[in-house]
Amino acid sequence: GDSVTQMEGPVTLSEEAFLTINCTYTATGYPSLFWYVQYPGEGLQLLLKATKADDKGSNKGFEATYRKETTSFHLEKGSVQVSDSAVYFCALSDQGTGFQKLVFGTGTRLLVSP
Amino acid sequence: DTAVSQTPKYLVTQMGNDKSIKCEQNLGHDTMYWYKQDSKKFLKIMFSYNNKELIINETVPNRFSPKSPDKAHLNLHINSLELGDSAVYFCASSPLGQLAYGYTFGSGTRLTVV
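Those protein sequences? They're chains G and Y, same order as listed. Under the numbering used here, read the first sequence as residues 72 to 185, first letter to last. Under the numbering used here, read the second sequence as residues 6 to 119, first letter to last.
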């Protein structure tokens, strides 16, 4: 079935550093791709999404580009803040079986220090 | 107003007990889901309901029984709780056939079985 692979964490950065969290996927068809963020003690919030190849999703300074040729959707931010500390999940929409659901990666914890 | 609300937020119970978690969404979505997040933050789908009809059941033990009295509610009942059931359970919803919009998640129910 469809799957998502994320880099293992934790990713530890100093404030204002550049962030990249890698995400690659395996899918039949043409899935939509998502990044979700989970702050401590909270549920998952949609951060950004892209629905077709070469689309760029962006929100709150985060960006990710849907790369069909490399089956990737890496998350980037130019200058992280302490408040960005959270767990980030890459996901895709799996429609291969005819039943729609999101398939999530294992999550990457980001720790930003002052 | 909370879009997807779960109750209770925390649940501590003894092995062998039966417990329920409730979920309600006021977004008018047709599809609702239950996901389990383990201690390593891995998210796995358990069930999906579309307009009160079960459409996904991902190899979940029979002790778990979802119930959807109407399309705005999806409750999860667990019989004979085991230590391994300890996890955070998330409810989510999405519009029918529009997974490109992603899910809206509840804030989670942390279940601890002692």
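Every residue gets a Cβ at the ideal spot worked out from N, C-alpha and C, and that includes glycine.
Whole-angstrom distance between residue j and residue i, CA atom to CA atom
i: Y:K14; j: G:E140; result: 42 angstroms
i: G:C94; j: Y:Q11; result: 30 angstroms
i: G:N130; j: Y:L59; result: 34 angstroms
i: G:V174; j: Y:D43; result: 15 angstroms
i: Y:S73; j: Y:S53; result: 10 angstroms
i: G:F133; j: Y:N31; result: 29 angstroms
i: G:H145; j: Y:D23; result: 42 angstroms
i: G:F105; j: G:R180; result: 16 angstroms
i: Y:P71; j: G:Q171; result: 18 angstroms
Proximity winner among the options, relative to residue i (alpha-carbon distances)
i: G:E79; options: Y:G107, Y:H82, Y:K46, Y:V119; result: Y:K46
i: G:Q77; options: G:Q171, G:D165, G:L182, G:F160; result: G:F160
i: Y:V65; options: Y:N56, Y:H34, Y:I50; result: Y:I50
i: G:K120; options: Y:L104, Y:E29, Y:G113; result: Y:L104
i: G:A124; options: G:A98, G:R138, G:S154, G:E147; result: G:R138
i: Y:N55; options: Y:K41, Y:A92, Y:G89, Y:A77; result: Y:A77
i: G:T97; options: G:G72, G:A88, G:R180; result: G:G72
i: G:T122; options: G:P81, G:A135, G:P111, G:E113; result: G:A135
CB of residue i within 7 angstroms of CB of residue j, strictly
i: G:S184; j: G:S103; result: no
i: Y:I2; j: Y:L81; result: Lying before the first or after the last residue shown, residue 2 of chain Y is absent from chain Y, which here runs from 6 to 119.
i: G:L117; j: Y:G107; result: yes
i: Y:S99; j: Y:T36; result: yes
i: G:G176; j: G:V75; result: yes
i: Y:L86; j: Y:M20; result: yes
i: G:A88; j: G:V153; result: no
Contact list for residue i against chain G, beta-carbon separation under 9 angstroms
i: Y:G107; result: S103, F105, Y107, L117, K120, A162, S164, L173
i: Y:I50; result: K172, L173, V174, F175
i: Y:L104; result: P102, S103, S164, D165, Q166, Q171, K172, L173
i: Y:P38; result: A quick correction: the sequence has Tyr, not Pro, at residue 38 of chain Y. Chain G residues near Y:Y38: K172, L173.
Partners in chain Y for residue i, counting only beta-carbon separations shorter than 7 angstroms
i: G:V158; result: K46
i: G:G128; result: Correct list: empty, because the minimum Cβ distance to chain Y is about 11 angstroms.
Residues that residue i contacts on chain G, provided the C-beta gap is smaller than 7 angstroms
i: Y:G113; result: G114
Chain A within 7 angstroms of residue i, Cβ atoms only
i: G:G80; result: Looking for chain A here will not work: the only protein chains present are G and Y.
Exercise. Mind listing, in chain order, the continuous alpha helix (DSSP H) runs of no fewer than 4 residues lying wholly within the stretch 108-154 of chain G?
Key: Within the stretch 108-154 of chain G, no alpha helix (DSSP H) run of at least 4 residues lies entirely inside it.
Self-check item: beta strand (DSSP E) runs wholly inside the stretch 42-68 of chain Y, at least 3 long, in chain order
Solution: Counting only runs of at least 3 residues, the stretch 42-68 of chain Y fully encloses the following beta strand (DSSP E) elements, listed from N- to C-terminal order: 48-55, 58-62.
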